[in-house]
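> Here our numbering is used: the first residue of the sequence shown is 1468, the next is one more, and so on. For glycine and all other residues, C-beta sits at the position ideal for the given N, C-alpha and C.
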Amino acid sequence: MKEQRKLIRLDVSDFLEIRAADSAKIARSTAVNITTMGICFSSQTEWQKGQILTIYYFIPDELDSVQLTVKVCWNEFVNPKQGYFCGGEIVSVEDDKQEKFVAYYAQRLEDRLSR
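(1) Where does Arg-1582 fall in DSSP's three states?
(2) Is the beta carbon of Thr-1521 closer than 8 angstroms to that of Arg-1495?
(3) Along the chain, where does the beta strand (DSSP E) containing Ala-1488 start, and where does it finish?
(4) Going by beta-carbon coordinates alone, are Leu-1576 and Leu-1483 separated by less than 8 angstroms?
(5) Bridge partners of Arg-1495, per DSSP?
(6) For the beta strand (DSSP E) containing Leu-1520, list its first residue and its last residue.
(7) Which of the three DSSP states is assigned to Asp-1478 in this structure?
(8) Using the Cα positions of Phe-1552 and Asn-1500, report the straight-line distance between them to the nearest angstrom.
(9) Assign Ser-1480 to one of two classes, buried (16 or more other C-beta atoms within 10 Å of its C-beta) or exposed (fewer than that).
(10) Kindly indicate which three-state DSSP category Gln-1549 falls into: helix, strand or coil?
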């Protein structure tokens, strides 16, 4: 069956800091791809389906991060070196940085389409 998506996923390798809503533990990770509604990332931590995460997304060339609230949709073990691939729905984006996050996505999309 052909997978149909409404938004274009953009391959990235941006730095993330991740915190579970019920824990003070911070995991460092890398985004694999993004849309304005979802994110896939690699992690050495096994996150649970339905778990709510706070992700600090560090946009390249920016001095700070954009805070995302993400609900885990799936989590799959890849191998010991890569750990897990995890996919999540972006539930909310930090209010005063929504435009920054969408502008970053739009710029990456423009770069991809102009190749």
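To lay it out plainly:
(1) coil
(2) no
(3) Taken as a continuous stretch (DSSP letters only), Ala-1488 belongs to no beta strand (DSSP E), as it is neither H nor E.
(4) no
(5) Glu-1484
(6) 1519 to 1525
(7) strand
(8) 11 angstroms
(9) exposed
(10) DSSP places Gln-1549 in coil when its eight states are reduced to three.
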